[in-house]
Amino acid sequence: MSLTREFKDTVKARADRDPAFRQAMVAEAVSCFVEGDIATMKILLRDYINATDGFEAVARAAGKSAKSLMRSLSATGNPQLDTLAPIIAYASKRENIGGFEAVALA
């Protein structure tokens, strides 16, 4: 099921005005990863990226192509740890969330 433009706009508007919401999205994505709920983790990361800096900016920081990140976080994507770690590190640094920076070392 694809998301409607209204939903994406709602998430972006909330993310723009609420740092705690952005932090919660990142923390929940990490929690889903730890619990093995990869499908939900990919949705949360994709929504977070779309609501904040966009795939181009995250891809530059991660040293990956934007298309590669989009494919990895798609419903059928199979993200590898070397793709996820820089995304989590980027988001945790952007949101000043402590404790996730070590993920980049994996």
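The sequence shown begins at 1 in the numbering used here and counts up by one.
For every residue, glycine included, the Cβ atom is placed at its ideal position computed from N, Cα and C.
Host alpha helix (DSSP H) of residue i (start-end)
i   : result
D18 : Premise fails: D18 is in no alpha helix (DSSP H) and is neither H nor E.
T83 : 81-94
N78 : Unbroken run through N78: none, as it is neither H nor E.
D47 : 38-51
G54 : 54-62
S68 : 66-72
Proximity below 9 Å, CB of residue i to CB of residue j
i   : j   : result
K8  : A51 : yes
S72 : T83 : yes
G63 : P86 : yes
A15 : Y48 : yes
Residue i, buried or exposed, once every other Cβ within 10 Å from all chains shown has been counted against 16
i   : result
L81 : exposed
G36 : exposed
Proximity winner among the options, relative to residue i (alpha-carbon distances)
i   : options            : result
G77 : V11, K12, E28, A39 : A39
Practice problem: Report yes or no: do three or more beta-carbon pairs, one from the segment 58-65 and one from the segment 16-23, lie closer than 8 Å? | Solution: no
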